[in-house]
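A.B. asks: With my numbering applied, the sequence shown covers 31 to 310. Cβ coordinates follow ideal geometry from the N, Cα and C atoms, glycine included. First the structure, which I've put down as structure tokens, then a few questions once you've had a look.
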Amino acid sequence: GTLRDEHGVWIIGFSLQLGKCSILEVELWGILNGLSIVQEKQVNKVLVQTNSLEASKAIQVSDPMLSRLTLIRRTHHILKNIGNWIIECILKKENIETDRMPKITFNKEEGSPKNLKNYGSWALITGATDGIGKAFANQLARQGLNLILVSRNLNKLKTVSAEIRAQFPHLKIKVVAQDFSGNLSAGVGLIEEAVKGVEVGVLINNVGITYPRAMYFHEVEEEVVKGIIRVNLEGTTWVTRAVLPGMLNRKRGAIVNVGSGASIVVPSHPLYTIYAATKA
Ligand SMILES: NC(=O)c1ccc[n+]([C@@H]2O[C@H](COP(=O)([O-])OP(=O)(O)OC[C@H]3O[C@@H](n4cnc5c(N)ncnc54)[C@H](OP(=O)(O)O)[C@@H]3O)[C@@H](O)[C@H]2O)c1
């Protein structure tokens with residue numbers, strides 16, 4: 031479900047893993063959950079929109095059979111507390127964003143991990159020599175994907191490549207030394223060259239930098255601001271543009287942009303605002 035304010039602006043989206051149940055139950059769970067959030071926010075007027083005529087009727091019409099359902103009773107209880115409510119049935123096409131939420135949140139094949147090789151036999155990882163990027167590289171190698179590792183430092187790239195090759199000798203690994211805060215078009219050219227003729231099915235846009243310490247917006251030096259925008263935003267954009275055409279041609283591929291809690295958990299992450307903006 032999604033919650034919007036009186037101007038239609040998105041406040042929050044939510045998903046629930048329900049297991050097996052009827053479509054009516056799914057709709058009712060969605061409404062009940064939305065209303066629970068509304069209640070916590072102490073809202074006193076609510077418009078409930080659903081594309082299920084059945085759910086809308088089940089809540090409005092007093093049907094002794096349905097009223098016995100715990101879901102309906104709990105929904106009525108919350109609606110009574112809110113006081114001022116209307117429920118309306120909308121067309122499915124007007125509800126597309128909400129309908130897609132579970133598909134985005136839950137993998138249909140939960141329990142059976144995806145075979146990433148189905149996207150293509152290669153993965154490209156930026157910022158692959160340390161931290162999260164290195165972990166991605168190792169995990170993707172474990173899945174049997176050949177790798178293109180991208181980072182600034184050629185020696186570190188060679189070391190990581192040798193470590194992975196020692197564990198997975200059958201894999202092919204290419205390295206691209208590229209400083210995303212430097213000459214981007216030259217670096218992206220090298221990446222375009224590296225992806226030519228190989229099926230890159232997984233792209234991990236991982237490279238990312240931030241400030242050396244917490245700072246007010248005006249305190250951040252110009253060069254640091256430029257570096258963060260270039261690496262986090264422009265790097266991600268242009269690497270994607272270099273890899274995407276092959277995926278489109280093959281009609282398959284997966285792109286992961288590594289974000290940050292900085293842009294979600296604490297809105298705009300005070301004292302790291304430029305970093306947070308590049309991770310939005
Ligand atoms: N760590 C966290 O707590 C955290 C939390 C939320 C999100 N993230 C995000 O996760 C991603 C990875 O973070 P991390 O902490 O794992 O990073 P990290 O340990 O600092 O590693 C950064 C990687 O990026 C490469 N790199 C740095 N600057 C570069 C540049 N200018 N050009 C090319 N490569 C560069 C580094 O390799 P070289 O030195 O060889 O270039 C290294 O491989 C980032 O996007 C970050 O924003 C991290």
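Report yes if the C-beta distance between L48 and W59 is below 9 Å; otherwise report no.
C.D. replies: Cβ atoms of L48 and W59: closer than 9 Å.
A.B. asks: Evaluate contact between the segment 146 to 156 and the segment 221 to 229, counting only Cβ atoms and requiring at least three cross-stretch pairs below 8 Å.
C.D. replies: yes
A.B. asks: May I ask you to report which of helix, strand or coil DSSP gives K204?
C.D. replies: strand
A.B. asks: Going straight from the alpha carbon of D209 to that of R182, what length do you get?
C.D. replies: 5 Å
A.B. asks: Taking the runs of the beta strand (DSSP E) that are 3 residues or longer, which of them lie wholly in the segment 158 to 241?
C.D. replies: Positions of the beta strand (DSSP E) runs, each at least 3 residues long and wholly inside the segment 158 to 241, are given as 176 to 181, 203 to 207 and 230 to 235 in order along the chain.
A.B. asks: Looking only at its own chain, which residues have a Cβ that is under 7 Å from the Cβ of V190, when we skip the five neighbours before and after it?
C.D. replies: A158, T159, K164, A167 and L179
A.B. asks: Would you say G257 touches ligand 1, meaning its beta carbon is less than 8 Å from a heavy atom?
C.D. replies: yes
A.B. asks: Return the first residue and the last residue of the alpha helix (DSSP H) that K256 is part of.
C.D. replies: From DSSP, the alpha helix (DSSP H) with K256 extends over E252 to I258.
A.B. asks: Ligand 1 heavy atoms versus the CB of S151: any closer than 8 Å?
C.D. replies: no
A.B. asks: By the three-class DSSP mapping on this structure, what secondary structure does V76 have?
C.D. replies: V76 falls in the strand class under three-state DSSP.
A.B. asks: Once the 5 residues before and after G113 are set aside, which same chain residues still bring their CB inside 7 Å of it?
C.D. replies: Cβ within range, chain order: N74.
A.B. asks: In whole angstroms, what separates the C-alpha of I304 from that of V255?
C.D. replies: 7 Å
A.B. asks: Return yes when at least one heavy atom of ligand 1 lies under 8 Å from the C-beta of T29, else no.
C.D. replies: With the chain covering only 31 through 310, there is no way to say anything about residue 29.
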